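**Student:**
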Amino acid sequence: MKRHRGEQLLGLRQEARLTQIELAKKVGTTGSAISRYENFACNRYELNTIHKIVKACGGKMRLVFEKSQDA
Numbered sequence: 241m242k243r244h245r246g247e248q249l250l251g252l253r254q255e256a257r258l259t260q261i262e263l264a265k266k267v268g269t270t271g272s273a274i275s276r277y278e279n280f281a282c283n284r285y286e287l288n289t290i291h292k293i294v295k296a297c298g299g300k301m302r303l304v305f306e307k308s309q310d311a
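Note that the sequence shown ends on residue 311 in this note's numbering; no numbers are left out.
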């Protein structure tokens with residue numbers, strides 16, 4: 241089962257041992273913005289911001305496009 245983007249971002253931040261505030265400072269945003277990105281109900285993501293978050297946590301990002309099972 242694929243993990244939700246928010247869950248993936250939360251996991252990366254926790255593995256990097258960063259608080260939301262610490263990560264926000266590294267990325268140049270606010271703690272509440274990081275919280276929104278980690279929220280499982282969030283469905284609007286800025287690709288550039290996600291890349292900054294992942295990079296600040298020491299991760300790498302891979303973007304995959306696949307045909308939907310629903311299509």
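The beta-carbon is built from N, C-alpha and C at its ideal position, and this holds for glycine as well.
As the structure is a prediction and not an experimental result, all values here were calculated from the model.
Would you check if the distance between the CB atom of Val-294 and the CB atom of Leu-252 is smaller than 8 Å?
**Tutor:** Translated into positions along the sequence shown, residue 294 becomes position 54. Translated into positions along the sequence shown, residue 252 becomes position 12. Contact: yes.
**Student:** Apart from the five residues just before and just after Lys-292, which ones in its own chain have a Cβ nearer than 7 Å to its Cβ?
**Tutor:** Taking the sequence shown and counting its residues from 1, one reaches residue 292 at position 52. Val-267, listed in sequence order.
**Student:** So Tyr-277 packs on Gly-298, CB below 8 Å; how close in whole Å?
**Tutor:** The sequence position of residue 277 within the sequence shown is 37, counting from 1. The sequence position of residue 298 within the sequence shown is 58, counting from 1. That belief does not hold up - the Cβ atoms of Tyr-277 and Gly-298 are roughly 17 Å apart, past 8 Å.
**Student:** Around the C-beta of Leu-249, are 16 or more other C-beta atoms found within 10 angstroms, so that it is buried, or is it exposed?
**Tutor:** Residue mapping note: residue 249 aligns to position 9 of the sequence shown, counting from 1. Buried, by the Cβ-count rule.
**Student:** May I ask you to report which of helix, strand or coil DSSP gives Ile-306?
**Tutor:** Looking up residue 306 in the sequence shown gives position 66. Per the sequence shown, the amino acid found at residue 306 is Glu instead of Ile. Here Glu-306 sits in coil by DSSP.
**Student:** Between Ile-290, Tyr-285, Ser-275, Ala-273, which has its C-alpha nearest Met-301's C-alpha?
**Tutor:** On the sequence shown, residue 301 is found 61 positions in, with the first residue counted as 1. Nearest option by C-alpha distance: Ile-290.
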